[in-house]
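*Asks:* Using full-length UniProt numbering, the letters of the sequence shown correspond one by one to residues 1 to 274. By construction, the Cβ of each residue, glycine as well, lies at the ideal position given by its N, Cα and C atoms. Please read through the structure below; I'll follow up with questions.
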Amino acid sequence: MSKTPTTILRVKKKVYEAELARLQAELVTMQQWVKASGARVVVIFEGRDAAGKGSAIKRITEYLNPRVARIVALPMPTERQRGQWYFQRYIEHLPSTGEIVLMDRSWYNRAGVERVMGYCTSDEYRRFLHQAPLFERMLVEDGILLVKYWFSVSDLEQERRFRSRLNDPMRRWKLSETDVLSITKWVDYSKAKDEMFVHTDIAEAPWWVVESEDKRSSRLNVISHLLSLVPYEKIDPPKVHIPPRPPDSDYERPPREENHQVPDHAATLVKPKE
Numbered sequence: 001m002s003k004t005p006t007t008i009l010r011v012k013k014k015v016y017e018a019e020l021a022r023l024q025a026e027l028v029t030m031q032q033w034v035k036a037s038g039a040r041v042v043v044i045f046e047g048r049d050a051a052g053k054g055s056a057i058k059r060i061t062e063y064l065n066p067r068v069a070r071i072v073a074l075p076m077p078t079e080r081q082r083g084q085w086y087f088q089r090y091i092e093h094l095p096s097t098g099e100i101v102l103m104d105r106s107w108y109n110r111a112g113v114e115r116v117m118g119y120c121t122s123d124e125y126r127r128f129l130h131q132a133p134l135f136e137r138m139l140v141e142d143g144i145l146l147v148k149y150w151f152s153v154s155d156l157e158q159e160r161r162f163r164s165r166l167n168d169p170m171r172r173w174k175l176s177e178t179d180v181l182s183i184t185k186w187v188d189y190s191k192a193k194d195e196m197f198v199h200t201d202i203a204e205a206p207w208w209v210v211e212s213e214d215k216r217s218s219r220l221n222v223i224s225h226l227l228s229l230v231p232y233e234k235i236d237p238p239k240v241h242i243p244p245r246p247p248d249s250d251y252e253r254p255p256r257e258e259n260h261q262v263p264d265h266a267a268t269l270v271k272p273k274e
């Protein structure tokens with residue numbers, strides 16, 4: 001049975017763009033506070049395939065300093081990493097003081113795709129459900145602000161987005177065989193998510209559900225909510241003085257013809273004036 005909501009309120013483009021710009025300006029202010037205060041922030045993005053996690057992360061980081069806010073999207077573990085403690089490869093990506101880490105998928109792979117697709121054993125899965133809350137409580141106890149988002153989308157909307165990707169050469173790379181299998185394993189993923197919430201929705205780091213049937217709304221909602229969770233204050237960056245340009249010296253630039261110039265492709269697009 002479809003999980004599509006009966007009513008979807010879609011934000012008009014002009015309203016969306018104006019509010020997004022305002023929120024992105026606030027994110028820059030928040031970033032400045034994180035850097036100045038030495039805070040450590042981890043934001044986890046999980047959810048259904050094609051639920052809009054990546055596009056939300058893109059809007060969050062669009063104007064942020066990549067030295068302060070970085071995205072972590074780990075590939076499949078290597079053979080050596082498979083022999084490590086499960087959380088070990090994630091630890092090295094945790095933030096230091098004054099940093100924000102946004103995880104596009106996280107250690108919760110074990111409770112989702114690994115569980116459903118049989119990539120881990122039942123013992124490994126049960127051990128994860130026991131250890132994840134302990135691990136996260138240690139992070140929070142050490143002063144890390146840990147925020148976990150679950151992006152929710154209906155089965156019909158998910159399939160529509162899959163088909164849209166299939167016909168779009170710019171986004172076709174986002175569609176994998178594992179993604180497509182999520183259509184036939186919808187109920188299995190639902191059960192896995194429900195059990196994951198039972199064990200890992202803890203007071204120190206609760207799960208926040210983002211309704212993502214309308215991507216514009218979900219982006220605005222998640223950014224606004226993230227800003228509400230970070231206790232930031234406005235910190236004006238130090239003023240930068242731009243000195244006057246010194247007078248011309250005796251420097252003479254070498255001829256341009258001596259350089260390997262990039263061909264002027266843009267010029268071929270400009271119509272000559274009549």
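Using the Cβ count rule (16 or more neighbours within 10 Å means buried), how would you classify T200?
*Replies:* buried
*Asks:* Looking only at its own chain, which residues have a Cβ that is under 7 Å from the Cβ of D188, when we skip the five neighbours before and after it?
*Replies:* V116
*Asks:* Are V68 and I144 closer than 8 Å when you measure CB to CB?
*Replies:* No, the Cβ-Cβ distance between V68 and I144 is not below 8 Å.
*Asks:* Am I right that D179 and F162 are in contact with their C-beta atoms under 8 Å? What's the rounded C-beta distance?
*Replies:* 7 Å
*Asks:* Would DSSP call P272 helix, strand or coil?
*Replies:* coil
*Asks:* I'd like to check one pair, A56 with R219: are the Cβ atoms closer than 8 Å?
*Replies:* yes
*Asks:* For P231, does the count of other Cβ atoms within 10 angstroms reach 16, so buried, or fall short, so exposed?
*Replies:* exposed
*Asks:* Does DSSP put E114 in a helix, a strand or coil?
*Replies:* helix
*Asks:* Write down the C-beta distance between A51 and S152 rounded to the nearest angstrom, noting that I regard them as a contact closer than 8 Å.
*Replies:* 7 Å
*Asks:* Mark I183 as exposed unless 16 or more other C-beta atoms lie within 10 angstroms of its C-beta, in which case mark it buried.
*Replies:* With fewer than 16 other CB atoms across the displayed protein chains lying within 10 angstroms of its CB, I183 is exposed.
*Asks:* Considering only DSSP beta bridges, list what V41 is partnered with.
*Replies:* I100, L145
*Asks:* Using only the alpha-carbon positions, how far apart do S2 and S176 sit?
*Replies:* Bear in mind that a pLDDT of 45 at S2, under 50, signals an unreliable position, so the number given afterwards is only what the model happens to contain. Between the C-alpha atoms of S2 and S176 there is a straight-line separation of about 23 Å.
*Asks:* Which first and last residues belong to the beta strand (DSSP E) in which W107 is found?
*Replies:* Where W107 is concerned, there is no enclosing beta strand (DSSP E), given that its DSSP letter is neither H nor E.
*Asks:* Which residues in the same chain have their Cβ closer than 7 Å to the Cβ of A192, if we skip the five residues on either side of it in sequence?
*Replies:* A111, G112, R115, V116
*Asks:* Per DSSP, which one or two residues make a beta bridge with G47?
*Replies:* F151
*Asks:* Give a yes or no on whether the C-beta atoms belonging to S106 and Y119 are separated by under 8 Å.
*Replies:* Between S106 and Y119, the gap from beta carbon to beta carbon reaches 8 Å or more.
*Asks:* Indicate whether M30 and V72 have their beta-carbon atoms separated by less than 8 Å.
*Replies:* no
*Asks:* Just tell me which of L181, E157, D155, A132 has its CA closest to the CA of L146.
*Replies:* Looking at the Cα atoms, A132 is the closest of the given residues.
*Asks:* Considering just the uninterrupted stretch of the alpha helix (DSSP H) at W186, what are its terminal residues?
*Replies:* 186 to 200
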